[in-house]
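Peer 1: Counting with this note's numbering, you get residues 447 to 1012 for the letters of the sequence shown. Every residue, glycine too, gets a C-beta built ideally from N, C-alpha and C. Pasting a structure below so you can have a look.
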Amino acid sequence: MEQKIFINYDYKQTRAVLLEDGKVVEIYFERPLRQRMIGNIYKGVVENVLPGMQAAFVNIGEERNAFYYVDDISYSRAEEKPEGRLPIQRLLQVGEEVLVQIMKESFGTKGARLTGHITLPGRYLVLMPGLDYVGVSRRIVSQEERERLKREMDELRPPNVGVIVRTAAEGTDKESLKNDLELLLKLWEKTQSLYKEEKPPSLLYRDMDLIYRIVRDLFNDHISELIIDNKQEYHKVLDIIDLLSPQLRNRVIYYSNKDPIFERYKIEEEIERSISRMVWLKCGGYLVFDDTEALTVIDVNTGKYIGKSNLEDTILKTNLEAAEEIARQIRLRDIGGIIIVDFIDMNSLDHRHQVLEMLKRRMSKDRTKSQVLGITSLGLVEIARKKVKQGLSAVMQQPCSYCHGKGKVLLPEAVSSKVERELRKILQRQDIEAVLVEVNSEVAALLIGTGGLYLKKLESETGKNIFIRGSDNLHVEKYNILMSGSLHEVARHALPVEEGGIYRVTVEEPHASNPEHGIARLHGYILDIEGAGELAGEEVQVMIKETTRTFAKAVIWKRELNDNEL
C-alpha cells in the first residue's frame, strides 16, 4: 500500500491529508484563530465538586470550565493507591490547584474533558510521568522486536516513569530511543517548574503546530513522499526531519507548481465530498450520512445499481463496496462516538459475514481506537469509535442561520479560503491587472483582514489589485467575480461611494481604536465617520472625504441654511 502526505499551507490555515493508494483517508486542519487544545497542560483551579456525578469542574482559563471525572484523576493525589474508586470529595476540594491535561476537546455546549494522567508524545515514545509501565504499540507485530523495545526501555527509563513505544520506533536503535526519552524528560521537568511558578489558571504546555505533529506522528518509513507547497515551511520540515529521522529527508518534496496543490491532485474534490450528506459508490449505490448529538447514522442504498444476475448478488456487491467506503469515510470525516450503519437487508448468513469482515478489515487500518460489533438480521451494525476531537464537519461547517440551525453551511473561514484560491487562479492570467469580487459581508471581512492586512498580503503575492465588495444579502457560500481586466476599469466600478458624495447610512458601532469615530457599512464597504462614536444605531447623512479600496473616511454632513430658510 502506497502512502503519501500532502500539506497545503497559508497564513490563514494549514491543511494536511494522508493518501493510501491514491485515496484520501485522513484530513487535518489547523487555523491560527482556532488552535487545537488536545494535549494542552494547565494549572487549573477546582470550582465545583459534584459528588452525585463523581466529577468536578475546573477553571483552566478557557471560555468554559472543563469536566474532570473521578476515574481520570491521578491517584498520586491519594496517600496510597486505592483498591477501588475513591469518592471525588476525598480527592478534590473547591479552590484546590490541579495539574491537568485536555484529553477531549469541547463539543457543542460541553466543555473540554480533563485527565490527571499526563502524557507527553515524542517521535518514538510517549512519556507517562507517575506510572511504572512500558507498553509497545500493537501495530508492531514482530514479537522479537516488541521484546527488544520493551527490554531497552526498561533499561533506559528512570523509576516511576511510564513509557509507550510508538509504531515509529520499530527498528530504531537504542541511542535514538534514549535521545527521545531525554527530550521528553526535560519537557516534563520544565512543565513541573512552571506549575510551581505560575498562578492558576494558566497554560503550562501546548503541543506543537500541525506540521510538526504530522512529521512527528505520521511521517515514517511507510510514507513514500511528503509534499508541501510553501518554501519556508518546506525548510522547516527539513529541519524537523534532521532532528527526528534524517533518513527520510530525501522523501520531502517542495511543490512549486502554480496550480494549487490540492486541486492538482484532486484533493479539493475529496474534501468537498467528505462534507456531503450523500456519497455515491462506484457501483451506482450511495451512502447517506445523518448526524445527531448522540450518534451518526449511515444508510446504504442500491441507488442506480440494478445488478447483472439476481437480487442477492446485487445487494451483496453494494454492501461490500459500501463497507469499504464507510470505513474510509469514518476516518476521513473523523466521526467519533456511536455509529449505526444500516446495510441493505441480506438473507444469507454467509453474505452478512462477508460484509462484516470487509468492514472490520478496513476499520483495522484506522489509527483511532474503534470496535465493530455484529450485524443484525435487519442489517444494522454498531461501531464505537473513540471521540477525541471535533470531526471534519465541525471544523468546516456551522449551523445554518438561513434555516435556523436545521442544516449546515460552510464556515466563513472556509469560504474565504475557497474564494482566495479562485482569485489566485484567475490572477495568473497576464492580461488581468485587477479583479472585483462580491462575497458575503462576513467573508469580505476575513478576506480583507484587520486594516487590510490579508488583502495587502494576497495582492503582494499575486502582484495584482483585488477589490472586494461585501453584501449582507449574499449567501455565505456564494461569491461572484463581477469584473476583471485593467486596473482603471475595475477601480471605476468597484467602489460604492465617491469623494464628495453624500450618503445616508446607519452608524453600527464606535471605531475599535478611535472611539470618537463611528463605523458604518454600505454594501459591505466600511465608512469611518468622524465624530460619530456616540451615534451607534442612528441614521445619519455623511459626506465622503477620502476613499481607499477597503474603506472610506467620512464626516457627518450638515447643510448650511440659506437666507430664505432663516
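Jot down the residue ranges of each uninterrupted beta strand (DSSP E) in the segment 628-677, minimum 3 residues, whole runs only, in chain order.
Peer 2: Entirely contained in the segment 628-677, the beta strand (DSSP E) runs reaching 3 residues are, in chain order, 648-651, 669-674.
Peer 1: For the segment 832-920, which segments carrying the alpha helix (DSSP H) assignment without a break, of at least 4 residues, lie completely within its bounds, in sequence order?
Peer 2: Correct list: 838-842, 858-872, 887-894, 899-908.
Peer 1: Take the Cβ of Gly837 as the centre, count every other Cβ of all protein chains shown within 10 Å, and call the residue buried at 16 or more, exposed below.
Peer 2: Residue 837 sits at position 391 when you count from the first residue of the sequence shown. Gly837 is buried by the Cβ-count criterion.
Peer 1: Would you check if there are 3 or more beta carbon pairs closer than 8 angstroms linking the segment 559-570 to the segment 615-634?
Peer 2: Touching, per the Cβ criterion.
Peer 1: Ignore the nearest five residues each way along the sequence and tell me which others in Ser552's own chain have a CB closer than 7 angstroms to its CB.
Peer 2: Working through the sequence shown from its first residue, we reach residue 552 at position 106. Counting only Cβ-Cβ distances below 7 angstroms, and skipping sequence neighbours, we find Arg510, Ala558.
Peer 1: Below 8 angstroms on the Cβ atoms is my contact criterion, and I expect Gly403 with Leu981 to pass it. Report the Cβ-Cβ distance as a whole number of Å.
Peer 2: Residue 403 is absent from the structure shown; the chain starts at 447 and stops at 1012.
Peer 1: Between which two residues does the alpha helix (DSSP H) holding Glu593 run?
Peer 2: Numbered from 1 along the sequence shown, position 147 holds the residue referred to as residue 593. From DSSP, the alpha helix (DSSP H) with Glu593 extends over 589-602.
Peer 1: Can you name, in chain order, every residue of its own chain whose Cβ lies under 8 angstroms from the Cβ of Thr742, other than the five neighbours on each side?
Peer 2: For the purposes of this step, residue 742 is taken as residue 296 along the sequence shown, with counting starting at 1. Result list for Thr742: Phe735, Asp736, Ile781, Gly783, Ile784, Ile785, Ile786, in chain order.
Peer 1: Can you tell me which of the three DSSP states Tyr711 falls into?
Peer 2: As a first step, residue 711 is located in the sequence shown; it is residue number 265 there, counting from the start. Three-state result, Tyr711: coil.
Peer 1: Can the beta-carbon of Gly979 be found less than 7 angstroms from the beta-carbon of Glu962?
Peer 2: Counting from one through the sequence shown, the residue named residue 979 turns up at place 533. Counting from one through the sequence shown, the residue named residue 962 turns up at place 516. The answer is yes: Cβ separation under 7 angstroms.
Peer 1: Report buried or exposed for Met447, applying the criterion of at least 16 other Cβ atoms within 10 angstroms of its Cβ.
Peer 2: Here residue 447 refers to the residue found at position 1 of the sequence shown. Per the 10 Å Cβ criterion, exposed.
Peer 1: Name, in chain order, the residues that DSSP records as bridge partners for Glu976.
Peer 2: Numbered from 1 along the sequence shown, position 530 holds the residue referred to as residue 976. Answer by DSSP bridge pairing, in chain order: Val1001.
Peer 1: Going by Cα to Cα distance, which pick from Lys999, Glu598, Arg695 is closest to Ile948?
Peer 2: Sequence index remark: in the sequence shown, residue 948 carries index 502 (1-based). The option with the nearest alpha carbon to Ile948 is Lys999.
Peer 1: Got a sec? Which residues, its chain only, sit under 6 angstroms from Thr561 by beta carbon, not counting five neighbours each side?
Peer 2: Taking the sequence shown and counting its residues from 1, the one referred to as residue 561 is at position 115. Only Asp518, Gln547, Met549 meet the Cβ criterion.
Peer 1: Closest to Val943 by C-alpha separation, out of Val953, Gly931, Val988, would be which residue?
Peer 2: Walking along the sequence shown from the start, residue 943 turns up at place 497. Per the Cα distances, Val988.
Peer 1: Taking the alpha carbon of Gly617 as the point to measure from, which residue in Lys596, Pro604, Leu631 has its own alpha carbon closest?
Peer 2: Sequence index remark: in the sequence shown, residue 617 carries index 171 (1-based). The shortest C-alpha separation from Gly617 is found at Lys596.
Peer 1: Starting from Asp759, follow the alpha helix (DSSP H) in both directions and report where the run begins and ends.
Peer 2: Translated into positions along the sequence shown, residue 759 becomes position 313. Run containing Asp759: 757-779, per the alpha helix (DSSP H) assignment.
Peer 1: Got a sec? Which residues, its chain only, sit under 6 angstroms from Arg774 by beta carbon, not counting five neighbours each side?
Peer 2: Here residue 774 corresponds to residue number 328 of the sequence shown, with the count starting at 1. Hits under 6 angstroms: Val471.
Peer 1: For Val540, count neighbouring Cβ atoms within 10 angstroms of its own Cβ and tell me buried if that reaches 16, exposed if not.
Peer 2: Here residue 540 refers to the residue found at position 94 when the sequence shown is read from its first residue. So Val540 counts as exposed.
Peer 1: Among residues of its own chain, excluding the 5 on either side of Glu767, which ones have a beta-carbon nearer than 8 angstroms to its beta-carbon?
Peer 2: As a working note, residue 767 is residue 321 in the sequence shown. Excluding sequence neighbours, Glu767 sits near Leu727, Lys728, Cys729, Gly731.
Peer 1: Just to confirm before moving on: does the CB-CB distance between Ile673 and Ile699 stay below 7 angstroms?
Peer 2: On the sequence shown, residue 673 is found 227 positions in, with the first residue counted as 1. On the sequence shown, residue 699 is found 253 positions in, with the first residue counted as 1. Cβ distance < 7 angstroms, so Ile673 and Ile699 count as in contact.
Peer 1: Is the beta carbon of Ile484 closer than 7 angstroms to that of Lys835?
Peer 2: Start at 1 with the first residue of the sequence shown, and residue 835 comes out as number 389. Start at 1 with the first residue of the sequence shown, and residue 484 comes out as number 38. For Lys835 and Ile484, yes; Cβs fall inside 7 angstroms.
Peer 1: Could you tell me which residues DSSP puts in a beta bridge with Ile821?
Peer 2: Taking the sequence shown and counting its residues from 1, the one referred to as residue 821 is at position 375. Beta-bridge pairing links Ile821 to Val827.
Peer 1: Nearest to Leu778 by CA position, among Phe789, Lys450, Leu464, is which residue?
Peer 2: Stepping through the sequence shown from its first residue, residue 778 is reached at position 332. Taking only the C-alpha atoms, the option nearest Leu778 is Leu464.
Peer 1: Distance check for Arg870 and Lys806, CA to CA, integer angstroms please.
Peer 2: Locating residue 806 in the sequence shown gives position 360, where the first residue counts as 1. Locating residue 870 in the sequence shown gives position 424, where the first residue counts as 1. Whole-angstrom Cα-Cα distance: 43 angstroms.
Peer 1: In or out: Gln459 buried (at least 16 other Cβ within 10 Å) or exposed?
Peer 2: Residue numbering aside, residue 459 sits at position 13 when the sequence shown is read from its first letter. Its Cβ being crowded by 16 or more others within 10 Å, Gln459 is buried.
Peer 1: According to DSSP, is Leu981 helix, strand or coil?
Peer 2: Against the sequence shown, residue 981 aligns to sequence position 535. In the structure shown, Leu981 sits in coil (DSSP, three-state: anything other than H, G, I, E or B).
Peer 1: Please report the straight-line C-alpha distance between Ile927 and Asn911, rounded to a whole angstrom.
Peer 2: For the purposes of this step, residue 927 is taken as the residue at position 481 of the sequence shown. For the purposes of this step, residue 911 is taken as the residue at position 465 of the sequence shown. Answer to the nearest angstrom: the Cα atoms are 14 angstroms apart.
Peer 1: Round the Cβ separation of Ser839 and Ile721 to the nearest angstrom and send it over; I've been treating them as touching at under 8 angstroms.
Peer 2: Looking up residue 839 in the sequence shown gives position 393. Looking up residue 721 in the sequence shown gives position 275. Yes, Ser839 and Ile721 are in contact; Cβ-Cβ is about 6 angstroms, under 8 angstroms.
Peer 1: Take Gly468 as the anchor and find which of Phe708, Leu640, Asp600, Ala615 has the nearest alpha-carbon.
Peer 2: In the sequence shown, the residue the question calls residue 468 occupies position 22. Among Phe708, Leu640, Asp600, Ala615, the Cα nearest to that of Gly468 is on Phe708.
Peer 1: Under 7 angstroms, do Asp675 and Asn454 count as touching if we go by C-beta distance?
Peer 2: Numbered from its first residue, the sequence shown carries residue 675 at position 229. Numbered from its first residue, the sequence shown carries residue 454 at position 8. Yes, these two residues count as a Cβ contact at 7 angstroms.
Peer 1: Can you tell me whether DSSP reads Glu679 as helix, strand or coil?
Peer 2: Along the sequence shown, one-based indexing puts residue 679 at 233. The answer is helix: DSSP assigns Glu679 an H, G or I state.
Peer 1: What number of angstroms, rounded off, separates the C-alpha of Leu893 from the C-alpha of Glu905?
Peer 2: Position 447 of the sequence shown, counting from 1, holds the residue named residue 893. Position 459 of the sequence shown, counting from 1, holds the residue named residue 905. Cα to Cα, the separation comes out at about 11 angstroms.
Peer 1: Just confirm the distance between the C-beta atoms of Glu543 and Val495, as a whole number of angstroms; I'd bet it's less than 8 angstroms.
Peer 2: By one-based count along the sequence shown, residue 543 stands at place 97. By one-based count along the sequence shown, residue 495 stands at place 49. Actually they do not touch by this definition, with Cβ atoms about 14 angstroms apart.
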